[in-house]
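Numbering (this note's numbering), first residue to last: 52 to 284. Worksheet: the structure to be examined is printed underneath.
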Amino acid sequence: MSTARSLLGLQETDQQLAMCRRAYRQIVEELDSEGGIPDLTAARERAKVKQLELKLEAARNESEAASLGDRFKQLEERLYSGAITNVRELTAIETEHNTARRELARVDEAISPSKTAAEEAEQAYERLSGELEEREAAWALRRKELRKERSRLGAEYKKIGAGRESATEGIPGSDLETYNALLPRMNGVAVVRVDRGVCQGCRVRLPIGEISRMQNAAGLVNCSSCGRILLTE
Numbered sequence: 052m053s054t055a056r057s058l059l060g061l062q063e064t065d066q067q068l069a070m071c072r073r074a075y076r077q078i079v080e081e082l083d084s085e086g087g088i089p090d091l092t093a094a095r096e097r098a099k100v101k102q103l104e105l106k107l108e109a110a111r112n113e114s115e116a117a118s119l120g121d122r123f124k125q126l127e128e129r130l131y132s133g134a135i136t137n138v139r140e141l142t143a144i145e146t147e148h149n150t151a152r153r154e155l156a157r158v159d160e161a162i163s164p165s166k167t168a169a170e171e172a173e174q175a176y177e178r179l180s181g182e183l184e185e186r187e188a189a190w191a192l193r194r195k196e197l198r199k200e201r202s203r204l205g206a207e208y209k210k211i212g213a214g215r216e217s218a219t220e221g222i223p224g225s226d227l228e229t230y231n232a233l234l235p236r237m238n239g240v241a242v243v244r245v246d247r248g249v250c251q252g253c254r255v256r257l258p259i260g261e262i263s264r265m266q267n268a269a270g271l272v273n274c275s276s277c278g279r280i281l282l283t284e
């Protein structure tokens with residue numbers, strides 16, 4: 052049981068190392084994400100492009116409306132001036148006049164929505180710009196904290212790792228191999244206590260014969276149900 056007890060202590064050390072690794076990995080992932088700033092920057096650039104496109108569309112509609120308005124007035128003046136007496140020419144001008152009216156109505160109808168869309172796009176761009184500015188300021192502080200914590204975890208990991216090497220001294224190599232093989236398979240819990248005849252790893256009650264064998268065994272005893280190394284007081 053002394054080996055099992057030593058392995059239980061080693062397991063506590065390995066669990067501390069695993070916690071350090073997880074925390075360190077999370078910090079590295081957060082640092083790599085740069086606080087979401089690249090994604091927000093890209094979103095702002097897309098909003099800027101959309102804003103420019105919609106502004107251009109609104110300006111194009113206004114220009115087209117002005118041009119169609121001038122053309123419509125010219126046709127109207129010709130149509131009602133009384134100077135045209137040829138029926139075919141008069142019919143052609145009337146047709147063109149009606150077409151110009153429809154086109155002008157269509158463009159006039161599109162002006163207001165296009166202006167509204169451009170204004171909304173500008174507001175979205177300004178909102179993203181403000182959010183990006185705030186995010187960058189917050190990230191500068193957060194990044195400093197993360198780097199400090201990363202350094203601390205790195206130093207702590209080295210310290211615990213050095214302690215682990217000392218903890219393995221005196222543990223037979225074959226028992227250490229058994230423990231190292233079980234640890235990842237058992238989600239970091241390779242050694243468990245037996246409490247009132249129950250394995251605390253799988254919560255299965257052990258046969259009386261197995262408990263007696265474990266108490267009298269010179270080496271490690273594994274749970275017949277989950278395979279973990281058993282330790283009893």
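Glycine included, each C-beta is placed from N, C-alpha and C at the ideal position.
Could you check whether Val245 and Leu281 sit closer than 8 Å to each other, using their CB atoms as the reference points? Looking up residue 281 in the sequence shown gives position 230. Looking up residue 245 in the sequence shown gives position 194. For Leu281 and Val245, yes; Cβs fall inside 8 Å.
From which residue to which residue does the alpha helix (DSSP H) around Ile280 run? Reading the sequence shown from its first residue, position 229 is the one you call residue 280. Not the alpha helix (DSSP H): Ile280 falls in the beta strand (DSSP E), residues Ile280 to Leu282.
Beta carbon of Ala55, beta carbon of Val255: below 8 Å? Working through the sequence shown from its first residue, we reach residue 55 at position 4. Working through the sequence shown from its first residue, we reach residue 255 at position 204. With contacts defined as CB atoms closer than 8 Å, Ala55 and Val255 fail to qualify as a contacting pair.
Contacts around Leu119, its chain only, beta-carbon distance under 8 Å, and the 5 residues preceding and following it disregarded: In the sequence shown, the residue the question calls residue 119 occupies position 68. The answer, listed in chain order, is Ala151, Glu154, Leu155 and Val158.
Relative to the C-alpha of Ser57, which candidate in Gly224, Leu183 and Tyr176 has its C-alpha closest? In the sequence shown, the residue the question calls residue 57 occupies position 6. For Ser57, the closest alpha carbon among the candidates Gly224, Leu183 and Tyr176 is that of Gly224.
Which residues bound the alpha helix (DSSP H) around Val138? Stepping through the sequence shown from its first residue, residue 138 is reached at position 87. Counting along the chain, the alpha helix (DSSP H) containing Val138 begins and ends at Val138 to Ala218.
Ends of the alpha helix (DSSP H) at Arg97? As a working mapping, residue 97 is identified with position 46 in the sequence shown. Per DSSP, Arg97 is one residue of the alpha helix (DSSP H) stretching across Ile88 to Tyr131.
Give the secondary structure of Val272 by DSSP, where H, G and I count as helix, E and B as strand, and everything else as coil. In the sequence shown, the residue the question calls residue 272 occupies position 221. In the structure shown, Val272 adopts coil according to DSSP, grouped into three states.
State whether the region 200-209 contacts the region 227-242, with contact taken as three or more CB pairs (one from each stretch) at a distance under 8 Å. Short answer: they don't touch.
Do you know whose CA, among Arg111, Ile88, Leu271 and Phe123, lies nearest Pro164's CA? Position 113 of the sequence shown holds residue 164. Answer by Cα proximity: Arg111.
For the 8 Å Cβ check, are there 3 or more pairs between the region 85-105 and the region 166-186? The region 85-105 vs the region 166-186: in contact.
Closest residue to Met237 among Ile88, Asn137, Cys277 and Tyr131 (Cα-Cα distance): For the purposes of this step, residue 237 is identified with residue 186 of the sequence shown, where counting begins at 1. Put simply, of Ile88, Asn137, Cys277 and Tyr131 the residue whose alpha carbon is nearest the alpha carbon of Met237 is Cys277.
Assess, as a yes-or-no matter, whether the region 176-194 is touched by the region 76-89 under the definition of 3 or more beta carbon pairs within less than 8 Å. Contact between the region 76-89 and the region 176-194 is present, because at least three Cβ pairs lie under 8 Å.
Following the continuous alpha helix (DSSP H) through Arg256, name the residue where it begins and the one where it ends. Locating residue 256 in the sequence shown gives position 205, where the first residue counts as 1. No alpha helix (DSSP H) holds Arg256; DSSP gives it neither H nor E.
C-alpha distance - Pro258 paired with Thr283, whole-angstrom precision: Position 207 of the sequence shown, counted from the first residue, corresponds to residue 258. Position 232 of the sequence shown, counted from the first residue, corresponds to residue 283. Linking Pro258 to Thr283 through their CA atoms gives a straight-line distance of about 14 Å.
How is Arg56 classed by DSSP in three states: helix, strand or coil? By 1-based counting over the sequence shown, the position of residue 56 is 5. The answer is helix: DSSP assigns Arg56 an H, G or I state.
Using only the alpha-carbon positions, how far apart do Tyr176 and Ala98 sit? Here residue 176 is taken as the residue at index 125 of the sequence shown, counted from 1. Here residue 98 is taken as the residue at index 47 of the sequence shown, counted from 1. Each residue's alpha carbon lies about 5 Å from the other.
Closest by CA to Glu81, which one among Gly205, Thr219, Glu196 and Cys253? As a working mapping, residue 81 is identified with position 30 in the sequence shown. Selected option, being the one with the closest Cα: Glu196.
Classify Arg244 as helix, strand or coil using the three-state DSSP reduction. Start at 1 with the first residue of the sequence shown, and residue 244 comes out as number 193. Arg244 falls in the strand class under three-state DSSP.
Identify the continuous alpha helix (DSSP H) that holds Glu228 and give its terminal residues. If you number the sequence shown from 1, residue 228 lands on position 177. Run containing Glu228: Gly224 to Arg236, per the alpha helix (DSSP H) assignment.
Below 8 Å on the Cβ atoms is my guess for Leu179 versus Ala93; work out the distance and round it to an integer in Å. On the sequence shown, position 128 is the one that residue 179 refers to. On the sequence shown, position 42 is the one that residue 93 refers to. Going by Cβ atoms, the distance from Leu179 to Ala93 rounds to 10 Å, so no, they are not a contact pair.
With DSSP as the reference, identify every bridge partner of Val249, one or two as the case may be. Residue mapping note: residue 249 aligns to position 198 of the sequence shown, counting from 1. Beta-bridge analysis with DSSP links Val249 to Asp246 and Arg256.
To the nearest angstrom, how far is it from the Cα of Asp121 to the Cα of Glu128? Stepping through the sequence shown from its first residue, residue 121 is reached at position 70. Stepping through the sequence shown from its first residue, residue 128 is reached at position 77. If you draw a straight line from the Cα of Asp121 to the Cα of Glu128, it is about 11 Å long.
Quick check on Ala109: buried or exposed, where buried means 16 or more other Cβ atoms within 10 Å of its Cβ? Numbered from its first residue, the sequence shown carries residue 109 at position 58. Counting of Cβ neighbours within 10 angstroms places Ala109 among the buried residues, the total reaching 16 or more.
Alpha-carbon to alpha-carbon, Gly60 and Gln67: Your numbering for residue 67 matches position 16 in the sequence shown. Your numbering for residue 60 matches position 9 in the sequence shown. So the alpha carbons of these two residues sit roughly 11 Å apart.
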